[in-house]
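Those letters in the sequence shown? Residues 145 to 402, per my numbering, in order.
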Amino acid sequence: MTMIQGMRGLVIMALFGGLWSAFGAQPEKQYLWPEGAPYAKGTDEKDKPYLDIYVPTQNNTGAAVVVCPGGAYGNLAMDHEGKQVAEWLNGLGVTALVLNYRHNGKGYQNPAPLADAQRAIRYVRFYAKERAIDPNRIGIIGFSAGGHLASTAGTHFQKSAYEPKDKIDAVSCRPDFMVLVYPVVTLEPPYYHSGSRRNLLGDTPSEELVKSLCNHLQVTADTPPTFLVHANDDTAVPPENSTMFYEACRKVKVAAEM
Numbered sequence: 145m146t147m148i149q150g151m152r153g154l155v156i157m158a159l160f161g162g163l164w165s166a167f168g169a170q171p172e173k174q175y176l177w178p179e180g181a182p183y184a185k186g187t188d189e190k191d192k193p194y195l196d197i198y199v200p201t202q203n204n205t206g207a208a209v210v211v212c213p214g215g216a217y218g219n220l221a222m223d224h225e226g227k228q229v230a231e232w233l234n235g236l237g238v239t240a241l242v243l244n245y246r247h248n249g250k251g252y253q254n255p256a257p258l259a260d261a262q263r264a265i266r267y268v269r270f271y272a273k274e275r276a277i278d279p280n281r282i283g284i285i286g287f288s289a290g291g292h293l294a295s296t297a298g299t300h301f302q303k304s305a306y307e308p309k310d311k312i313d314a315v316s317c318r319p320d321f322m323v324l325v326y327p328v329v330t331l332e333p334p335y336y337h338s339g340s341r342r343n344l345l346g347d348t349p350s351e352e353l354v355k356s357l358c359n360h361l362q363v364t365a366d367t368p369p370t371f372l373v374h375a376n377d378d379t380a381v382p383p384e385n386s387t388m389f390y391e392a393c394r395k396v397k398v399a400a401e402m
């Protein structure tokens, strides 16, 4: 089975199989930088990005997925795009790590969210062996603005968004696969989500910065295999966000399905 076939199966089961779990298992909370995060503006809880780690109780496949909830980079939909997704993944034997990343609602803009996502992937890979995770099967899933963050992690992994702090930062932050669900991909009109762009970049970002975070423009042959989900009638995040990313993957022969 190819990576893309496996992703297709997971998403189809989620959408049509009624597999949302109701375990109620308590996750483990893991701060990404226990000694203080890069770009931190203080030491309050909002300044400390963390993972809620959900471990499957049976049939562990060795795969792991970092979950990026949406919220327009101004808040986080931690229930239906976080906890519920994690419980569904656990039901499939996948370790799920819900990323509580920094955003404008906490006083943070670019590059803090990407730093948090990169660190999350590195954390999972660094501790893969002791957590019964295959270091070559670490993916990322994101919803809406969380999809933008996930696609940024998958297209900007060559350069770290922060200065290395410890041994964890020596390992790769490239996700092995991506699942992008109604993702924000472009930050330019006419298909951008204005609230996400404003919360991430402020009111007057440079054209160069905006283009660098239009992630369909950053796809290369090294971009991870990608599965995209989007509805034709989505009026909040136009489906062109997904189609542009899909076409960009096709042009460089990256495995992608939508």
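Glycine included, every Cβ here is placed at the ideal spot set by N, Cα and C.
Whether residue i touches residue j by CB criterion (9 Å)
i      : j      : result
Asp196 : Val238 : no
Leu293 : Ala261 : yes
Ile265 : Ile284 : yes
Asn359 : Phe389 : yes
Ala392 : Pro369 : no
DSSP three-state assignment for residue i, whether helix, strand or coil
i      : result
Ile156 : In this predicted model, Ile156 has a pLDDT of only 46, less than 50, meaning its place in the structure is not dependable; the value taken from the coordinates is given anyway. Ile156 falls in the helix class under three-state DSSP.
Lys250 : helix
Gly235 : helix
Ser165 : Interpretation of Ser165 is limited by its pLDDT of 46, a score under 50 that renders its predicted location unreliable; no figure is taken from the coordinates.
Glu401 : strand
Gly218 : coil
Val363 : coil
Asn204 : coil
Euclidean distance between Cα positions of residue i and residue j
i      : j      : result
Trp177 : Arg281 : 23 Å
Ala380 : Glu225 : 16 Å
Gln302 : Trp232 : 31 Å
Pro279 : Ala259 : 20 Å
Ser386 : Thr296 : 14 Å
Glu384 : Tyr335 : 7 Å
Asp310 : Ser304 : 13 Å
Pro200 : Gly235 : 7 Å
Ala207 : Glu179 : 28 Å
Gly168 : Tyr326 : Note that Gly168 scores a pLDDT of 48, beneath 50, so its modelled location is shaky; the value from the coordinates is reported in the next line. Straight-line Cα distance between these residues: approximately 26 Å.
Asp188 : Glu351 : 33 Å
Ala166 : Cys212 : Confidence at Ala166 is low in this model, with a pLDDT of 44, below 50, so the placement of that residue should be treated as unreliable; the coordinate-derived value is given next. Whole-angstrom Cα-Cα distance: 20 Å.
For residue i, the first and last residue of its enclosing alpha helix (DSSP H)
i      : result
Cys393 : Glu384 to Lys395
Phe270 : Ala256 to Phe270
Thr296 : Ala289 to Thr299
Whole-number beta carbon distance between residue j and residue i, since they are thought to touch under 8 Å
i      : j      : result
Leu331 : Gln253 : 13 Å between Cβ atoms; not a contact.
Pro319 : Gly298 : 5 Å
N- and C-terminal bounds of the beta strand (DSSP E) containing residue i
i      : result
Tyr175 : Glu172 to Tyr175
Tyr198 : Tyr194 to Tyr198
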